[in-house]
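Everything on this sheet refers to the single structure shown next.
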Amino acid sequence: MLATIVPTSTWYLILGAVLFGIGMVGVLIRRNPLIMFMSIELMLNAVNLTFVALSTQLTDINGQTAVFFVLVVAAAEVVVGLGIIVAIMRRRSEISVDDLSVLKG
Amino acid sequence: MELFVFICAAAMVLAGALGVVLRSNPVHAALSLVLTLFGIAVMFVSQQAEFLAAVQVVVYAGAIVVLFLFVIMLLGVDRAENLETEPLGIQRPLAIILSIGFVALLVTTIVQGRDSLNMRGDGLITADSGDHDANIRQIARSIFSDYVVAFEVTSVLLIVAVVGTVVLARKRKSEKDLSGVSA
Chain A
1 MLATIVPTST
11 WYLILGAVLF
21 GIGMVGVLIR
31 RNPLIMFMSI
41 ELMLNAVNLT
51 FVALSTQLTD
61 INGQTAVFFV
71 LVVAAAEVVV
81 GLGIIVAIMR
91 RRSEISVDDL
101 SVLKG
Chain B
1 MELFVFICAA
11 AMVLAGALGV
21 VLRSNPVHAA
31 LSLVLTLFGI
41 AVMFVSQQAE
51 FLAAVQVVVY
61 AGAIVVLFLF
71 VIMLLGVDRA
81 ENLETEPLGI
91 QRPLAIILSI
101 GFVALLVTTI
111 VQGRDSLNMR
121 GDGLITADSG
131 DHDANIRQIA
141 RSIFSDYVVA
151 FEVTSVLLIV
161 AVVGTVVLAR
171 KRKSEKDLSG
181 VSA
């Protein structure tokens, strides 16, 4: 009986929503900028999953093209973000976003 | 069978995501992220987006996570941090309530709107029809015709990102002089 149940796109959309929520918790509660970046990646992946699920559901390839561009932008974002973290860590040894309050001048 | 694949991939995705958020050691968090990314790749395959599944593994698991691990090792922050102390006591409950509310909103929207998801696009040729390269060919046609301007702008974005990172991560001459004087 279980074999006859086929996951519909609604299941994928709900999984994407839950994954986005977990990533959101990560960004909000963690203080390590590296972990916050990883949580942002989780949120981006939730969006990608939603795009692909809707692309399949609506039989439209443009959803998958959007995922392609999201991947490229995510790669660029991580490269620049990690460059900034390296530049900050060269001056401070402890890694916490709370330390960046010195930027407020 | 499809159900079994979905359940396994969903378990991978959720376990990895919770690992990223809850593990105190950044290296463990990065490895949990790999688990999530592979789970997403499996879901892409089961949704007949084979090209994106391959790109997902190569770009995310192969490049982005390795970059994360490089930075973790380079900065020497590969030790567990203390997650018990929280300077702002109300932050965690607030964050969790906010996220649960947001997810509930999204799920309600999805469940309410699932019946309206039946408008058809141009049609998606999948591998089931016997044409095994159909997915790649369709994405290529979409990127290089409809989105060719965005594709070219993307290359500019990547060059800007590379140059920006080199500028950011480079040791400046004045810093070098200063460290030489203090040493």
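So the protein lines, in turn, are chains A and B. The first sequence maps to residues 1 to 105 in our numbering. The second sequence maps to residues 1 to 183 in our numbering. C-beta: ideal position from N, C-alpha, C; glycine also. Remember, predicted model here, so these are calculated numbers, not experimental data.
Candidates the options: closest to residue i by CA position
i          : options                                         : result
Ile-90(B)  : Leu-28(A), Phe-51(A), Leu-15(A) and Leu-19(A)   : Leu-28(A)
Leu-106(B) : Phe-69(A), Ala-46(A), Ser-96(A) and Val-86(A)   : Ala-46(A)
Ala-74(A)  : Met-73(B), Glu-84(B) and Tyr-60(B)              : Tyr-60(B)
Ala-161(B) : Ile-85(A), Val-80(A) and Glu-94(A)              : Val-80(A)
Leu-88(B)  : Phe-68(A), Arg-30(A) and Leu-19(A)              : Arg-30(A)
Val-166(B) : Arg-91(A), Asp-99(A) and Ile-85(A)              : Ile-85(A)
Ile-100(B) : Thr-50(A), Ser-55(A), Val-102(A) and Gly-26(A)  : Gly-26(A)
Ser-9(A)   : Leu-49(A), Val-102(A), Ser-39(A) and Ala-87(A)  : Leu-49(A)
Ile-64(B)  : Ala-76(A), Ala-53(A) and Ala-66(A)              : Ala-76(A)
Leu-13(A)  : Val-52(A), Met-38(A) and Glu-41(A)              : Val-52(A)
Ser-39(A)  : Gly-62(B), Leu-117(B) and Val-13(B)             : Val-13(B)
Arg-23(B)  : Val-156(B), Leu-37(B), Leu-83(B) and Asp-133(B) : Leu-83(B)
Ala-17(B)  : Phe-6(B), Val-5(B), Ala-9(B) and Leu-33(B)      : Leu-33(B)
Leu-56(A)  : Ala-11(B), Thr-36(B), Asp-115(B) and Ala-49(B)  : Note that residue 56(A) corresponds to Thr in the displayed sequence, not to Leu. Checked all of Ala-11(B), Thr-36(B), Asp-115(B) and Ala-49(B); the closest Cα to Thr-56(A) is Ala-49(B).
Glu-152(B) : Leu-54(A), Val-72(A) and Asn-32(A)              : Val-72(A)
Leu-42(A)  : Arg-92(A), Gly-21(A) and Trp-11(A)              : Gly-21(A)
Ala-9(B)   : Ala-134(B), Leu-35(B) and Asn-25(B)             : Leu-35(B)
Asp-78(B)  : Ile-5(A), Asn-32(A) and Thr-4(A)                : Asn-32(A)
Arg-188(B) : Val-97(A), Leu-100(A), Val-102(A) and Met-89(A) : Coverage of chain B is limited to positions 1 through 183, which leaves residue 188(B) absent and any answer about it impossible.
Trp-11(A)  : Arg-92(B), Gly-164(B), Thr-85(B) and Met-43(B)  : Met-43(B)
Ala-150(B) : Thr-4(A), Asp-99(A) and Ala-66(A)               : Ala-66(A)
Phe-70(B)  : Glu-86(B), Pro-26(B) and Met-1(B)               : Pro-26(B)
Backbone secondary structure at residue i - three-state DSSP
i          : result
Met-89(A)  : helix
Thr-56(A)  : helix
Thr-8(A)   : coil
Leu-18(B)  : helix
Leu-88(B)  : coil
Ala-53(B)  : helix
Met-73(B)  : helix
His-132(B) : coil
Glu-41(A)  : helix
Arg-172(B) : coil
Leu-94(B)  : helix
Ile-35(A)  : helix
Ser-101(A) : helix
Met-205(B) : An answer regarding residue 205(B) cannot be provided, because it is not within the stretch 1 to 183 covered by chain B.
Ala-183(B) : For Ala-183(B), the pLDDT reaches just 41, beneath the cut-off of 50, and the residue's location in the model is therefore unreliable, leaving the point undetermined.
Asp-146(B) : helix
Ala-80(B)  : coil
Phe-37(B)  : Looking at the sequence shown, residue 37(B) is not Phe but Leu. If DSSP states are grouped into helix, strand and coil, Leu-37(B) belongs with the helices.
Asn-25(B)  : coil
Arg-30(A)  : coil
Leu-15(A)  : helix
Leu-157(B) : helix
Lys-47(B)  : According to the sequence shown, residue 47(B) is Gln rather than Lys. In the structure shown, Gln-47(B) sits in coil (DSSP, three-state: anything other than H, G, I, E or B).
Beta-carbon spacing of residue i, residue j below 8 Å
i          : j          : result
Leu-168(B) : Gly-23(A)  : no
Gln-56(B)  : Ala-41(B)  : yes
Ile-95(A)  : Leu-31(B)  : no
Val-103(B) : Val-18(A)  : yes
Phe-68(A)  : Ile-136(B) : no
Ser-142(B) : Ile-61(A)  : yes
His-28(B)  : Gly-39(B)  : no
Leu-106(A) : Leu-117(B) : Residue 106(A) falls outside the range modelled here, since chain A spans only 1 to 105, and no answer is possible.
Pro-7(A)   : Leu-37(B)  : no
Leu-52(B)  : Gln-64(A)  : yes
Ile-72(B)  : Leu-34(A)  : yes
Leu-106(A) : Val-70(A)  : Nothing about residue 106(A) can be reported from this structure: the residues present for chain A run from 1 to 105 only.
Val-97(A)  : Phe-37(A)  : no
heavy atom of the ligand SAM below 7 Å from residue i C-beta
i         : result
Pro-26(B) : Absence of the ligand SAM is noted for the structure shown, with no ligands found whatsoever.
Any chain C beta carbon closer than 8 Å to residue i
i         : result
Leu-13(A) : Protein chains in the displayed structure are A and B, and chain C is not among them.
Fill in: Contact list for the stretch 33 to 49 of chain A against chain B, Cβ threshold 8 Å
Leu-34, Ile-35, Phe-37, Met-38, Ser-39, Glu-41, Leu-42, Asn-45, Asn-48 and Leu-49
Worksheet entry | Residues from the stretch 55 to 83 of chain B in contact with chain A, defined by Cβ distance under 8 Å | Val-55, Gln-56, Val-59, Tyr-60, Ala-63, Ile-64, Leu-67, Phe-68, Val-71, Ile-72, Leu-74, Leu-75, Val-77 and Glu-81
Practice prompt. Determine which residues of the stretch 21 to 33 of chain A have a Cβ less than 9 Å from any Cβ of chain B, and write them out in chain order.
Written response: Gly-21, Ile-22, Gly-23, Met-24, Val-25, Gly-26, Val-27, Leu-28, Ile-29, Arg-30, Arg-31 and Asn-32
Worksheet item: Which residues, taken in chain order from the stretch 79 to 91 of chain A, show a beta carbon closer than 7 Å to some beta carbon of chain B?
Response: Val-79, Val-80, Leu-82, Gly-83, Ile-84, Ile-85, Val-86, Ala-87 and Met-89
Discussion item. Beta carbons nearer than 8 Å to chain A: which residues of the stretch 21 to 34 of chain B have them?
Written reply: Val-21, Pro-26, Ala-29, Ala-30 and Leu-33
Fill in: Interfacial residues, the stretch 50 to 61 of chain A to chain B, with Cβ spacing under 8 Å
Val-52, Ala-53, Leu-54, Ser-55, Thr-56, Gln-57, Leu-58, Thr-59, Asp-60 and Ile-61
Discussion item. Please list, in chain order, the residues of the stretch 60 to 76 of chain A that have any C-beta partner in chain B closer than 8 Å.
Written reply: Asp-60, Ile-61, Asn-62, Gln-64, Thr-65, Val-67, Phe-68, Phe-69, Leu-71, Val-72, Val-73, Ala-74, Ala-75 and Ala-76
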